[in-house]
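The sequence shown: position 105 = 104 (numbering that gives the first Met the number 0), numbered continuously.
Glycine residues also receive a C-beta, built at the ideal position from the N, C-alpha and C atoms.
Only a predicted model underlies this, so the values are computations on that prediction, with no experimental measurement involved.
Notes to accompany the following structure.
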Amino acid sequence: MATLNVSLPDNLKTYVAQRVHNGEYSNASDYIRTLIRKDREHPAVPDISTQLLEEAARIQTLPLDTDSKRRLLAMYVMLEKKRQAPAPSVESVIQGLKEMGEEAQRNGLTPEILDDILNG
């Protein structure tokens, strides 16, 4: 296995040491490897401000009145933010159902049923 030396400010070094001490990782290298694997699995989301500027320039070339262009741009921003929002975790969905309680039960979908379906 190759070796890579990394310099960290004291506060980050302390943070990594705490994660190792808490038993979340076997050592600092394990923690860094996990971060790199997660980064490879989930590439960075494109910067919305760059996309927004490009789309705004494109919208300005459309043969529409100013109000229509504003509405179209607002819709684009709303859709783009929604697209980039992280999906809820299974746990947060189950927690939401638990909080809904009686309403979920009236609709026949209890947290236990959903948990059985998802964890089958």
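For Y24 versus T13, is the C-beta distance shorter than 9 Å? Start at 1 with the first residue of the sequence shown, and residue 24 comes out as number 25. Start at 1 with the first residue of the sequence shown, and residue 13 comes out as number 14. It is not a contact, given that the beta carbons lie outside the stated cut-off.
Between N10, S28, L11, R18, which has its C-alpha nearest A1's C-alpha? Start at 1 with the first residue of the sequence shown, and residue 1 comes out as number 2. Nearest option by C-alpha distance: S28.
Would you say V5 and I35 are within 9 Å of each other, going by their C-beta atoms? Position 6 of the sequence shown, counted from the start, is the residue given in the question as residue 5. Position 36 of the sequence shown, counted from the start, is the residue given in the question as residue 35. Contact: no.
At which residues does the alpha helix (DSSP H) containing T13 begin and terminate? As a first step, residue 13 must be located in the sequence shown, where it is residue number 14. Here the alpha helix (DSSP H) through T13 covers 9-20.
Closer than 8 Å by C-beta to L71: which residues in its own chain qualify, once you throw out the five before and the five after it? Chain order, please. Here residue 71 refers to the residue found at position 72 when the sequence shown is read from its first residue. Around L71: I58, L61, L63.
Using 8 Å for Cβ pairs, my map puts E54 next to Y75. What's the rounded Cβ distance? In the sequence shown, residue 54 corresponds to position 55, counting from 1. In the sequence shown, residue 75 corresponds to position 76, counting from 1. The pair is a contact, with the Cβ atoms about 5 Å apart (cut-off 8 Å).
Using the C-alpha atoms, what's the distance from K81 back to D66? Within the sequence shown, the letter at position 67 stands for residue 66. Within the sequence shown, the letter at position 82 stands for residue 81. Cα-Cα distance, rounded: 23 Å.
Taking a contact to mean a Cβ-Cβ separation below 9 Å, would you say V19 touches L7 in this structure? As a first step, residue 19 must be located in the sequence shown, where it is residue number 20. As a first step, residue 7 must be located in the sequence shown, where it is residue number 8. No.
Find out if the Cβ-Cβ distance for the pair E79, L52 is shorter than 9 Å. Within the sequence shown, the letter at position 80 stands for residue 79. Within the sequence shown, the letter at position 53 stands for residue 52. In this structure, L52 does not lie closer than 9 Å to E79 by Cβ.
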